[in-house]
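Here's the structure, in structure tokens; my notes come after.
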Amino acid sequence: MLGGCVATNKSHVFSDLTVSTQSELDAEISVDLSKKLSGTAEATYLFNIFQLSGDTEFADGYGGMGAIGKAKSAAAYKAISDSDSDVLVSPQYVVDLDNKLFIQNVTVTVTGYGGKIISIKKRSPN
Numbered sequence: 008m009l010g011g012c013v014a015t016n017k018s019h020v021f022s023d024l025t026v027s028t029q030s031e032l033d034a035e036i037s038v039d040l041s042k043k044l045s046g047t048a049e050a051t052y053l054f055n056i057f058q059l060s061g062d063t064e065f066a067d068g069y070g071g072m073g074a075i076g077k078a079k080s081a082a083a084y085k086a087i088s089d090s091d092s093d094v095l096v097s098p099q100y101v102v103d104l105d106n107k108l109f110i111q112n113v114t115v116t117v118t119g120y121g122g123k124i125i126s127i128k129k130r131s132p133n
């Protein structure tokens, strides 16, 4: 007898949209708040390590580590690449997991606002 479980998680934004990063560069980004971007990625893993099927293109800086992180990164890649945006601002993820004895199926849908990079400048020393 094989058993399994299914879980769904949806991230939420609980505060005003603010983005904070530390860098020697300053970027000016134009964000289109009138339209949300979305992307969905699916993957199947053996022992939660070896990818058996699923997406193979990923966006750097989105998602994190592991099977769920890779699926988040692939969903972000699809959302960005299907638009004329450079970045995905305020991403929210819906993660569906279907865990079986040795197999994990991951489906992630991301939504967020598209941003276009207007300029990037090196920050002047203080």
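For the sequence shown, my numbering assigns the number 8 to the initial residue and increments by one for each residue that follows. Cβ atoms here follow ideal geometry from the backbone N, Cα and C, with glycine treated the same way.
Contacts around residue i, its chain only, beta-carbon distance under 8 Å, and the 5 residues preceding and following it disregarded
i: I87; result: L44, G46, A66, D93, V94, L95 and G121
i: T51; result: Q58, L59, S60, G61, I110, Q111, N112 and V113
Endpoints, the alpha helix (DSSP H) within which residue i is located
i: S88; result: G73 to S88
Range of the contiguous beta strand (DSSP E) that encloses residue i
i: A50; result: L32 to L53
i: F57; result: F57 to G61
i: K129; result: I110 to K129
i: P98; result: V94 to N106
Pairwise C-alpha distance: residue j and residue i
i: R130; j: L32; result: 5 Å
i: K42; j: D103; result: 24 Å
i: A48; j: I125; result: 29 Å
i: I36; j: K123; result: 5 Å
i: A78; j: V101; result: 11 Å
i: K107; j: A74; result: 14 Å
i: V115; j: E64; result: 14 Å
i: A83; j: V38; result: 16 Å
i: L40; j: D91; result: 14 Å
i: M8; j: G68; result: Its pLDDT being 46, under 50, M8 is placed unreliably in this model, and the value from its coordinates should be taken loosely. Answer to the nearest angstrom: the Cα atoms are 40 Å apart.
i: P132; j: D105; result: 50 Å
Nonlocal neighbours in the same chain, by C-beta distance under 7 Å from residue i, ignoring five residues either side
i: P76; result: Looking at the sequence provided, one finds Gly at residue 76 rather than Pro. Counting only Cβ-Cβ distances below 7 Å, and skipping sequence neighbours, we find G70.
i: T89; result: Inspection of the sequence shows that residue 89 is occupied by Asp rather than by Thr. Around D89: G46.
i: N55; result: A74 and Q111
Chain-order list of residues whose beta-carbon lies under 6 Å from that of residue i (same chain, five-residue window excluded)
i: A81; result: A48, D62 and F65
i: K128; result: D33
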